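Visitor: Numbering follows numbering that gives the first Met the number 0, with no gaps: position 159 of the sequence shown is 158. The C-beta atom is built at its ideal place from N, Cα and C for all residues, glycine as well. Values in this document were obtained by computation on a predicted structure and should not be read as measured data.
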Amino acid sequence: MVSLGPADVELLTLKACRAFQESDAICVPTKSSDSSFDKSISYKIVKEALEFLGIKRELVPVYSPMLFNEDDWRNEANIVLETLKKYDCVSFVTLGDAGVYSSIYYLLDIIKERDIDIYDNSEVIAGVTSFSAGSARVKKALCLGDEELIIKPLNPRGKVETTKILMRPKIGMDTEVLGEGDFYTYENMYLAGENITPYKIDRVKKYMTLFINFAKRDSLS
Ligand SMILES: C[S@@+](CC[C@H](N)C(=O)[O-])C[C@H]1O[C@@H](n2cnc3c(N)ncnc32)[C@H](O)[C@@H]1O
Numbered sequence: 000m001v002s003l004g005p006a007d008v009e010l011l012t013l014k015a016c017r018a019f020q021e022s023d024a025i026c027v028p029t030k031s032s033d034s035s036f037d038k039s040i041s042y043k044i045v046k047e048a049l050e051f052l053g054i055k056r057e058l059v060p061v062y063s064p065m066l067f068n069e070d071d072w073r074n075e076a077n078i079v080l081e082t083l084k085k086y087d088c089v090s091f092v093t094l095g096d097a098g099v100y101s102s103i104y105y106l107l108d109i110i111k112e113r114d115i116d117i118y119d120n121s122e123v124i125a126g127v128t129s130f131s132a133g134s135a136r137v138k139k140a141l142c143l144g145d146e147e148l149i150i151k152p153l154n155p156r157g158k159v160e161t162t163k164i165l166m167r168p169k170i171g172m173d174t175e176v177l178g179e180g181d182f183y184t185y186e187n188m189y190l191a192g193e194n195i196t197p198y199k200i201d202r203v204k205k206y207m208t209l210f211i212n213f214a215k216r217d218s219l220s
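1. Shortest alpha-carbon distance to K55 belongs to which of V61, E47 and Y62?
2. State yes or no: is the C-beta of Y183 within less than 8 Å of the C-beta of I150?
3. Give me, in chain order, the residues of the same chain whose beta-carbon lies closer than 6 Å to that of V79; leave out the 5 immediate sequence neighbours on both sides.
4. Can you tell me whether DSSP reads R113 as helix, strand or coil?
5. Any chance the CB of T128 is under 7 Å from a heavy atom of ligand 1?
6. According to DSSP, which residues form a beta bridge with R202?
7. Does the contact criterion of 3 or more C-beta pairs under 8 Å hold for the stretch 195 to 215 versus the stretch 158 to 170?
8. Assuming A15 and S31 form a contact by the criterion Cβ under 8 Å, report the distance between their Cβ atoms to the nearest whole angstrom.
9. If you measure from the CB of G95, is any heavy atom of ligand 1 nearer than 7 Å?
10. Would you report the Cα separation of G171 and G144, rounded to the nearest angstrom?
11. Check whether the stretch 94 to 105 touches the stretch 121 to 128, taking contact to mean three or more Cβ pairs, one atom from each stretch, closer than 8 Å.
12. Using DSSP with H/G/I as helix, E/B as strand and the rest coil, what is V61?
13. Would the C-beta of C6 count as close to ligand 1, meaning under 7 Å from any of its heavy atoms?
14. Contact check, N187 vs M207 under 8 Å by CB: the rounded distance?
15. Would you kindly work out how many angstroms separate the C-alpha atoms of L148 and E69, rounded to a whole number?
16. Relative to the C-alpha of L177, which residue among R202, N120, L153 and K158 is closest?
17. Please classify L190 as buried or exposed, where buried requires at least 16 other C-beta atoms within 10 Å of its C-beta.
18. Less than 7 Å between the CB of V99 and some heavy atom of ligand 1, yes or no?
19. Are the Cβ atoms of Y42 and F51 separated by less than 8 Å?
20. Looking at L107: is its Cβ nearer than 8 Å to the Cβ of M0?
21. List the endpoints of the continuous alpha helix (DSSP H) containing L80.
22. On the CB-based measure, 16 or more other CB atoms within 10 Å of its CB, does P5 come out buried or exposed?
23. Measuring only the C-alpha atoms, how far is G53 from E175?
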């Protein structure tokens with residue numbers, strides 16, 4: 000699951016480039032029901048990335064009407080799984096960062112239920128979000144000092160749950176005040192002594208500590 004960034008090929012990560020090099024095929028979402036790539040922004044980025052890398056890969060169109068429909072996600076997951084019957088390594092691409100309003104986590108839920116080995120062997124590659132890029136484009140910080148950052152869906156379909164990202168703790172801080180929830184603690188991520196725990200640690204030991212309290216959500220049935 001490869002995040003593409005906000006549409007500038009130069010905002011693709013080295014990890015995304017490595018994934019394309021290692022992939023036999025790349026599944027590319029398109030809103031066109033005839034499976035053409037005419038209207039696909041993802042296709043434009045992938046095409047430019049492959050040209051930049053000087054490689055050719057099979058591109059598999061994945062019809063994604065973006066109607067928030069479970070049957071569509073099942074069809075999309077099916078295309079990924081069918082492609083994996085032909086090839087060892089397959090990428091599926093998504094705009095911006097996969098963690099922000101991307102259907103890839105619905106697809107991963109379906110893949111997990113259909114083939115646990117493929118799910119366990121899958122990897123999600125982070126990317127630049129549209130709003131990180133938007134902030135940089137106009138040279139305005141998203142948050143400074145004691146400000147918070149809020150990301151809101153403009154057309155919610157029901158009750159809105161919230162994911163909270165908690166940053167810049169004080170060393171020695173007791174985390175009881177952070178409350179309860181689906182917490183993960185990230186210490187020294189990608190650095191020496193990296194520790195990612197699926198709960199909230201009791202006391203902060205390092206400044207490079209980040210907490211995510213994930214929104215309550217149901218998995219697909
Ligand atoms: C389904 S969400 C995907 C968000 C994406 N995963 C991200 O990390 O930004 C699509 C929304 O992201 C925003 N978006 C994504 N790329 C954008 C771009 N290049 N320019 C403006 N808005 C963008 C728009 O609000 C769009 O409706």
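Guide: In this structure, then:
1. Cα-wise, what sits closest to K55 is E47.
2. At least 8 Å separates the beta-carbon of Y183 from that of I150.
3. Counting only residues of its own chain and dropping the five nearest sequence neighbours on each side, V79 has a CB closer than 6 Å to the CB of C26 and F91.
4. The three-state reading of DSSP puts R113 in helix, counting H, G and I together.
5. Closer than 7 Å to some heavy atom of ligand 1: that describes the Cβ of T128.
6. Residue pairing of R202 in beta bridges, as defined by DSSP: D173.
7. Three or more pairs of CB atoms, one per stretch, sit closer than 8 Å, so the stretch 195 to 215 contacts the stretch 158 to 170.
8. No, A15 and S31 are not in contact; Cβ-Cβ is about 23 Å, not under 8 Å.
9. At least one heavy atom of ligand 1 lies less than 7 Å from the C-beta of G95.
10. Rounded to the nearest angstrom, the gap between the Cα atoms of G171 and G144 is 21 Å.
11. Three or more Cβ pairs drawn from the stretch 94 to 105 and the stretch 121 to 128 lie within less than 8 Å of each other, which places the two stretches in contact.
12. If DSSP states are grouped into helix, strand and coil, V61 belongs with the strands.
13. The identity of residue 6 in the sequence shown is Ala, whereas the question assumes Cys. Indeed, a heavy atom of ligand 1 lies less than 7 Å from the Cβ.
14. Indeed they touch by this definition, with Cβ atoms about 5 Å apart.
15. For L148 and E69, the distance between alpha carbons rounds to 30 Å.
16. Per the Cα distances, R202.
17. Exposed, since its Cβ has fewer than 16 Cβ neighbours within 10 Å.
18. Yes - ligand 1 has a heavy atom lying nearer than 7 Å to the Cβ of V99.
19. F51 is positioned such that its CB atom lies no closer than 8 Å to that of Y42.
20. The beta carbons of L107 and M0 sit closer together than 8 Å.
21. That run of the alpha helix (DSSP H) goes E69 to K85.
22. That one is buried.
23. The alpha-carbon atoms of G53 and E175 are separated by roughly 52 Å.
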